[in-house]
Amino acid sequence: MKNQSMVSRSLAEAEYRSLAATVLHIVANPIFHEQTKHLEIDCHLVRDKYNDGFVLPSHISGKLQLANLLTKMLPRPAFSALLSKLGLVDFSSSPT
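Mind the numbering: the sequence shown is residues 295 to 390 in this note's numbering, read in order.
As structure tokens, then:
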């Protein structure tokens with residue numbers, strides 16, 4: 295168990311370092327800043343909608359996270375369930 299917590303800290307640290315490097319790269323290059331300006335506008339819009347009570351964030355169980363379909367190796371039932379939520383069909387398991 296101790297090794298796993300070390301791995302988690304290492305992965306989190308790697309993500310923070312990567313994010314920091316990305317931010318430094320964007321800040322140092324005005325061209326990239328112009329390309330990412332829409333992100334700032336989107337963040338402000340979402341924050342304003344949240345403050346107005348229009349957007350209410352809620353917890354979604356890890357089993358229901360659609361991103362897991364693309365980022366994690368899932369057991370076939372979980373994979374198929376997430377595919378169906380996206381309206382996709384797994385042709386490899388469909389009868390012909």
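Ideal placement from N, C-alpha and C gives every residue a C-beta, glycine not left out.
Item: Limits of the alpha helix (DSSP H) - the one that A361 falls within; Value: No alpha helix (DSSP H) contains A361, which DSSP labels as neither H nor E.
Item: CA-to-CA distance, N323 to A361, given in whole angstroms; Value: 30 Å
Item: Closest by C-alpha distance to L376, when choosing among S386, Q359 and L339; Value: Q359
Item: P371 in three-state terms, based on DSSP; Value: helix
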